[in-house]
Amino acid sequence: MAENQNTEWKESWRDEYLKWVCGFANAQGGRIYIGKSDDGTIVGVSDSKSLMEDIPNKIQTTLGIIADVNLLTEDGKEYIEIVVAPSSYPVNYRGEYYRRSGSTLQQLRGSSLTEFIREKTGLLWDAVPVDNIGVNDLDQNSIDIFRREAVRNRRMDKEDLNISNEELMDHLDLLVDGKLKRAAVMLFYKKPGRIITGCYAKIGRFGEGADLQYQDLLEGSLFSIADRVIDLIFTKYLKATITYEHDVRVETFPFPRDGVREAVYNALGHNNYAGSVPIQIRIEDDAMYISNRCILPPNWTVETLMEPHKSVPFNPSIANVFYRAGYIEAWGRGIQKICDSCRELGTPDPEYIVFGNDITVKFTALKPVKASDEALDEALNRHDVGLDVGLDVGLAEKTLKIISENPKVTMAEIANECNVTKRTVERTIKALREQGKIVREGGKRYGHWKVI
1 MAENQNTEWK ESWRDEYLKW VCGFANAQGG RIYIGKSDDG TIVGVSDSKS
51 LMEDIPNKIQ TTLGIIADVN LLTEDGKEYI EIVVAPSSYP VNYRGEYYRR
101 SGSTLQQLRG SSLTEFIREK TGLLWDAVPV DNIGVNDLDQ NSIDIFRREA
151 VRNRRMDKED LNISNEELMD HLDLLVDGKL KRAAVMLFYK KPGRIITGCY
201 AKIGRFGEGA DLQYQDLLEG SLFSIADRVI DLIFTKYLKA TITYEHDVRV
251 ETFPFPRDGV REAVYNALGH NNYAGSVPIQ IRIEDDAMYI SNRCILPPNW
301 TVETLMEPHK SVPFNPSIAN VFYRAGYIEA WGRGIQKICD SCRELGTPDP
351 EYIVFGNDIT VKFTALKPVK ASDEALDEAL NRHDVGLDVG LDVGLAEKTL
401 KIISENPKVT MAEIANECNV TKRTVERTIK ALREQGKIVR EGGKRYGHWK
451 VI
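Take the sequence shown: its letter number 269 is residue 269 in the working numbering, and every next letter is one higher.
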């Protein structure tokens, strides 16, 4: 008898073979023989007594199932038969799911894992109960963020939120038979990465091509990430054009803040976390890309997304809580709101790109984001650059602030802090000196700047 869908031979026992037990339990069941070579020849086992005790215990404690373990004898040689029944519930080995397919063992990931869990339980991925994490283990700060945002966005009344954390989880439908759903852990647990890898957001500032200039990793609960990510993007990764209207300072960013917020929150709420891939935000001078793993509903295309459509969240439990916090919409209006924010700013509609199991939203930057080098040089030659020229106004003000705080600062340090080239700083310093805004006291090496 050869190895097949229901039969596996192993010459000796190793604990890693618990993966094969897991694979059989998640498929049609099967038998594993310990003490048989690959061609089916019985080689026997020398420690049958201890194995007959260890194997059943390890199967039960590691996998949570019971398998029949039998000691057989043939030609004077002892070997072991492990009989695995098919399980009606998903079985995992140290958090990973395996399934027997033909004569191979396959680890389930991404959409395959999601469909497997749905097939076995009728539950979506984010609704599966989690062991060993209770309400008292959740991050109080993350829960406080939810309460604050739900009231601020008028999705819930303050009186309705004046309840215990356990009652809150129950009201949000995040408890199943006293156990937290996986969604609750993702939303409120301080280290959800212990349950599923890839639960974080990655932001990178890029120059030309693969030139990664700097980056940040935001880890923690989804509410912790959502509370920090937008401010981080608009304070560290983007520069505003500064103009004045009737002596009122106006900051204009190259991307619509409301649209970016909606896109990032949609990515956090609808990401296929079973794929173990983080949210990725790539920021360039001319574009911003927000990417996440996805499984679109059957027959949906990019065109479907851009047209009016109903809301079909991939993670309904996560989406419900995000909606109550005011982070996302419940009527499929999110993309329309993103488009409206782009049009209000004066940029093209976002472009949605679906490639395999990834979906990316591309925002095009507002033009012109900054004055050209030639225009700035011309303005400098006219001695009229200062507090009335586009982006140079913001850079001039920031340079003055840096100099006032550190008179001995170098041009290279100013360039690094402002994320511009040294040549740009040199032009700005020249303009400020010619306008009498700053002076240099002392020599080049030991001197310092003075703001007038």
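Yeah, the Cβ is synthetic: ideal placement off N, Cα and C, and Gly gets one too.
Out of the options, which has the shortest C-alpha to C-alpha gap to residue i?
{"i": "L184", "options": "S103, M169 and R14", "result": "Note on identity: in this sequence residue 184 is Ala, with Leu being the wrong assignment. Cα-wise, what sits closest to A184 is M169."}
{"i": "E351", "options": "G64, I335, R324 and L345", "result": "I335"}
{"i": "Q280", "options": "E307, F223 and F206", "result": "F206"}
{"i": "E284", "options": "N320, N299 and Y214", "result": "Y214"}
{"i": "A396", "options": "K362, A412 and R433", "result": "R433"}
{"i": "N271", "options": "M186, G394 and T428", "result": "M186"}
{"i": "T197", "options": "L217, A274 and A150", "result": "A274"}
{"i": "G134", "options": "C342, K190 and T360", "result": "K190"}
{"i": "Y93", "options": "S37, K19 and L123", "result": "K19"}
{"i": "I295", "options": "L124, D358 and R194", "result": "D358"}
{"i": "K362", "options": "D286, V425, K10 and V321", "result": "D286"}
{"i": "R343", "options": "L366, K310, I34 and Y327", "result": "L366"}
{"i": "S221", "options": "L124, V250 and R182", "result": "R182"}
{"i": "V130", "options": "E303, F322, V176 and I429", "result": "V176"}
{"i": "E74", "options": "A201, K36 and V91", "result": "K36"}
{"i": "D54", "options": "L71, N299 and F255", "result": "L71"}
{"i": "S164", "options": "R147, Y200 and I414", "result": "R147"}
{"i": "P297", "options": "D340, V354 and V83", "result": "V354"}
{"i": "K49", "options": "D39, G30 and W13", "result": "W13"}
{"i": "C339", "options": "A319, E307 and A330", "result": "E307"}
{"i": "I203", "options": "D15, R194 and D216", "result": "D216"}
{"i": "L454", "options": "G64, E441, I34 and D39", "result": "Only positions 1 to 452 of the chain appear in this structure, which leaves residue 454 out of reach."}
{"i": "F188", "options": "L138, N320 and S341", "result": "L138"}
{"i": "R152", "options": "E417, A325 and R440", "result": "A325"}
{"i": "L124", "options": "G394, I429, N141 and L174", "result": "L174"}
{"i": "I32", "options": "V69, T428 and T301", "result": "V69"}
{"i": "F276", "options": "G193, G40, D349 and G394", "result": "The question names Phe, but residue 276 in the sequence shown is Ser. Nearest option by C-alpha distance: G193."}
{"i": "I195", "options": "N132, I225 and E166", "result": "N132"}
{"i": "T364", "options": "G40, G30 and F253", "result": "F253"}
{"i": "F234", "options": "L218, A226 and R257", "result": "R257"}
Which two residues bound the contiguous beta strand (DSSP E) that contains residue i?
{"i": "M288", "result": "A287 to R293"}
{"i": "I454", "result": "Only positions 1 to 452 of the chain appear in the structure, and residue 454 is not among them; the question remains open."}
For the alpha helix (DSSP H) containing residue i, name the first residue and the last one.
{"i": "Q28", "result": "That residue, Q28, is in no alpha helix (DSSP H); it is neither H nor E in DSSP."}
{"i": "K434", "result": "Per the sequence shown, the amino acid found at residue 434 is Glu instead of Lys. Looking at the DSSP string, the run of the alpha helix (DSSP H) that includes E434 is K422 to E434."}
{"i": "E149", "result": "Q140 to R152"}
{"i": "T7", "result": "Counting along the chain, T7 falls outside any alpha helix (DSSP H), though it belongs to the beta strand (DSSP E) covering T7 to K10."}
{"i": "F188", "result": "R182 to F188"}
{"i": "S341", "result": "G334 to L345"}
{"i": "F314", "result": "Per DSSP, F314 belongs to no alpha helix (DSSP H) and is neither H nor E."}
{"i": "K158", "result": "K158 to L161"}
{"i": "S48", "result": "S48 to L63"}
{"i": "E417", "result": "M411 to C418"}
{"i": "E166", "result": "N165 to H171"}
{"i": "T304", "result": "V302 to M306"}
Which residue or residues does DSSP assign as beta-bridge partners of residue i?
{"i": "H448", "result": "E441"}
{"i": "L105", "result": "R100"}
{"i": "D358", "result": "R293 and F355"}
{"i": "Q280", "result": "K202 and S291"}
{"i": "F363", "result": "M288"}
{"i": "E78", "result": "T73"}
{"i": "D68", "result": "V83"}
{"i": "K179", "result": "V176"}
{"i": "K36", "result": "I42"}
{"i": "N4", "result": "T7"}
{"i": "Y93", "result": "E96"}
Report yes if the C-beta of residue i is less than 7 Å from at least one heavy atom of the ligand GTP; otherwise report no.
{"i": "I438", "result": "This structure lacks the ligand GTP; in fact it carries no ligand of any kind."}
Strictly under 8 Å for the Cβ-Cβ distance: is residue i near chain B by that measure?
{"i": "F116", "result": "Going by chain labels, chain B is absent from the structure shown, which holds only one protein chain."}
Practice task
Determine, using beta-carbon pairs with one atom in the segment 261-271 and one in the segment 282-297, whether at least three such pairs fall under 8 Å.
Solution key: yes
Practice task
Specify whether the segment 152-161 and the segment 195-211 touch according to this definition: at least 3 beta carbon pairs, one from each stretch, less than 8 Å apart.
Solution key: no
Exercise for the section: Mind the definition here: the segment 52-69 touches the segment 108-121 only if three or more C-beta pairs lie below 8 Å; say whether that holds. Expected result: No, because fewer than three Cβ pairs between the segment 52-69 and the segment 108-121 fall closer than 8 Å, the two stretches do not touch.
Practice task
Let me know the alpha helix (DSSP H) ranges lying completely inside the segment 193-270, each 4 residues or longer, listed in chain order.
Solution key: 222-232 and 257-270
Exercise for the section: Take every Cβ of the segment 72-80, pair it with every Cβ of the segment 35-51, and state whether three or more of those distances are shorter than 8 Å. Expected result: Taking one beta carbon from each stretch, the segment 72-80 and the segment 35-51 have 3 or more pairs nearer than 8 Å; the two touch.
Exercise for the section: Taking 8 Å as the threshold, find out whether the segment 94-102 comes into contact with the segment 118-125 through three or more Cβ pairs. Expected result: Result no; under three Cβ-Cβ pairs closer than 8 Å.
Exercise for the section: Take every Cβ of the segment 81-96, pair it with every Cβ of the segment 25-34, and state whether three or more of those distances are shorter than 8 Å. Expected result: yes
Handout entry: Inter-stretch contact at 8 Å, needing at least 3 Cβ pairs: the segment 231-239 / the segment 309-329
Key = no
Exercise for the section: Examine the Cβ distances between the segment 438-450 and the segment 407-417 and report whether three or more of them are shorter than 8 Å. Expected result: yes
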